[in-house]
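Residue numbers (the numbering used here), protein chains in the order written: chain X, 173 to 394; chain C, 173 to 394. Note that beta-carbon positions come from the ideal geometry of N, C-alpha and C, so glycine has one too. Report on the following structure.
There are 2 protein chains.
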Amino acid sequence: MAMAADADAVSPRERYRSQVRADIKARAWEQIAKAGATGLSLNAIAKELGMSGPALYRYFGSRDELITELIRDTYRGLADTFRAAADSGAGIGGLAHALRRWALDDPQRYFLVYGTPVPGYQAPADITGIAQEIMAALLDVCAAAEPEAPPSASAGFTAHLSQHREWAGGHPAPPGVLRRALAFWTRMHGVLSLELAGHFTGMGFDQDRLFDAEVAELASGR
Amino acid sequence: MAMAADADAVSPRERYRSQVRADIKARAWEQIAKAGATGLSLNAIAKELGMSGPALYRYFGSRDELITELIRDTYRGLADTFRAAADSGAGIGGLAHALRRWALDDPQRYFLVYGTPVPGYQAPADITGIAQEIMAALLDVCAAAEPEAPPSASAGFTAHLSQHREWAGGHPAPPGVLRRALAFWTRMHGVLSLELAGHFTGMGFDQDRLFDAEVAELASGR
DNA sequence: TGCTGGCGTTAGAAGCTATAACAAACATGA
DNA sequence: TCATGTTTGTTATAGCTTCTAACGCCAGCA
């Protein structure tokens, strides 16, 4: 109320518009959480919001455009989560558990990014930019872990990475750190996606402990 | 011609029926390969086969039923691949590369089994039975690898497995082997699914070598 | 006050899954 | 050989989807 600076004067129209867009996205997330991205229906969302079908196309040009926006938000959220964990000095284990919490919080959101790709789809350029942010935070954390990793069974690949490191942006991490970051990515995704997809249900063991074990082996040198 | 034993006398009707079913599945696989499981259209398949829409429902009760059948066939094929690799004395590395070849051969087929789960879907009981076969073959291979795995960073979880091993069926493998089989599953799936989903494209490094590296670290004790 | 741009509406095309009702072909028993 | 019943195909139809087109209205701005 006291912050009546009109510097950020948004027209009431824009205000309304972004409000409706947010409502639509909120409903979309509900639908995705309970039926997956496949089960997302623009029609159903419109009806839920009290407006009739095609009105929704004033806010999102197509179903794909809405989903792309959700994917973008998801990348953004994951990047923020990673950045926060990295800046708070969390180690590899801390980052891993932050990732798992984020994933378990809404499995379908995780699958929106790391799930089955639809063959034709190409993510817009700005999304791959956010993906770079995620990688940067991961590299920061890996670089801050114990400086010298014990010689690994894959020394050859680590050497290969020293000559193919463009994907790390300008990050100054040595190849061993690059290798560790890749291992973090592949292994955490491996356990997590199987867990989220329910492939472990009914197997009897404690899924928390499996994840912790995999984190321990990743963090303990190797 | 010489094998005119009428023991396996299938009525020409059944013969025709199973032929049409096979045709339908073949077209379905084409569609899935090029547009993913989401893009599978019964109508389009029917038209391709020269019959009109609803005729297809004589052969598959519903879209879900067809997809379930494809999933079943996929599990069956993967189980056979694993069994063959295991029986041919392939080690952990051999099994891993057999898996990767099988996956790269048709990525969407891989995702049909290990991709984004649709929230409501529950696989029929016989499919989980085939999944058990896959696990058994994996356990065989892991058991045949070096008998004693070095002490790992996750000894606690291995101990936990010794008391939660029902999922291994009656397999006599010691807990360390169970641990290794789980690691095989999660790690190979981690690298593979990221590779198949295209998350590594444009990163510049050699994806074969990443896979080999991960296999090497898995096989080299730990 | 009057104009214009954004918003919401209904109508409709084209696609999909799936069911119902009906016709033809086929296999088999009397 | 003829009749019966099963199996396979057809068209029609309901109900859903995405998305375009044409129209009316109303709010905000000059």
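Endpoints, the alpha helix (DSSP H) within which residue i is located
i      : result
X:M360 : 347–368
C:G266 : 264–277
X:V387 : 379–391
Residues of its chain near residue i, where Cβ-Cβ distance is below 8 Å and the 5 sequence neighbours each way are ignored
i      : result
C:A331 : P347
X:L366 : F372
X:W339 : M307
X:G263 : V313, A316, A317, A391
C:D178 : The pLDDT assigned to C:D178 is 41, lower than 50, so where the model puts this residue is not dependable; a value taken from the coordinates is nonetheless given after this. Counting only Cβ-Cβ distances below 8 Å, and skipping sequence neighbours, we find nothing.
C:R351 : A321, S324, S326, F329, T330, L333
X:K197 : L238, E241, L242, D245
X:A345 : L311, C314, A315, A353
X:V387 : I264, G265, A268, H269, M360
X:R189 : Y231
C:E186 : none
X:Q203 : G211, L212, S213, A216, I217
Close beta carbons around residue i, own chain, < 7 Å, minus the five adjacent residues each side
i      : result
C:T240 : P296
C:Q379 : E367, F372
X:M375 : none
C:A218 : S224, G225, A227, L228
C:I302 : Y247, R248, A251
C:D195 : L221
Chain C within 8 Å of residue i, Cβ atoms only
i      : result
X:V363 : yes
X:F329 : yes
X:E202 : no
X:A275 : no
X:R230 : no
X:F254 : no
X:M375 : yes
X:L382 : yes
X:E305 : no
X:L333 : yes
Short CB-CB distance (under 8 Å) between residue i and chain X
i      : result
C:W339 : yes
C:L354 : yes
C:H269 : no
C:G263 : no
C:R199 : no
C:D378 : yes
C:P346 : no
C:A216 : no
C:S326 : yes
C:E386 : yes
C:S392 : yes
C:G266 : no
Residue i, DSSP secondary structure in three states
i      : result
C:T373 : coil
C:A194 : helix
X:F232 : coil
X:E318 : coil
C:M173 : A caution first: C:M173 carries a pLDDT of 37, below 50, which makes its placement in the model unreliable, though a value can still be read off. Coil, per DSSP.
X:S224 : coil
C:S324 : coil
X:A295 : coil
C:L212 : coil
C:R185 : helix
X:V313 : helix
C:R337 : coil
C:T288 : coil
C:T300 : helix
X:H332 : helix
C:G342 : coil
X:G261 : coil
Proximal residues to residue i (C-beta, below 6 Å), its chain only, five neighbours per side dropped
i      : result
X:A353 : L310, L311, C314
C:I243 : L284
X:R255 : A309
X:R381 : none
Short Cβ contact (8 Å threshold) for residue i with residue j
i      : j      : result
C:R199 : C:E220 : yes
C:T210 : X:V290 : yes
C:R272 : C:F383 : yes
X:E389 : C:S234 : no
C:G362 : X:T358 : yes
X:A258 : X:L364 : no
X:G208 : X:Q280 : yes
C:Q304 : C:G342 : no
C:D277 : C:A205 : no
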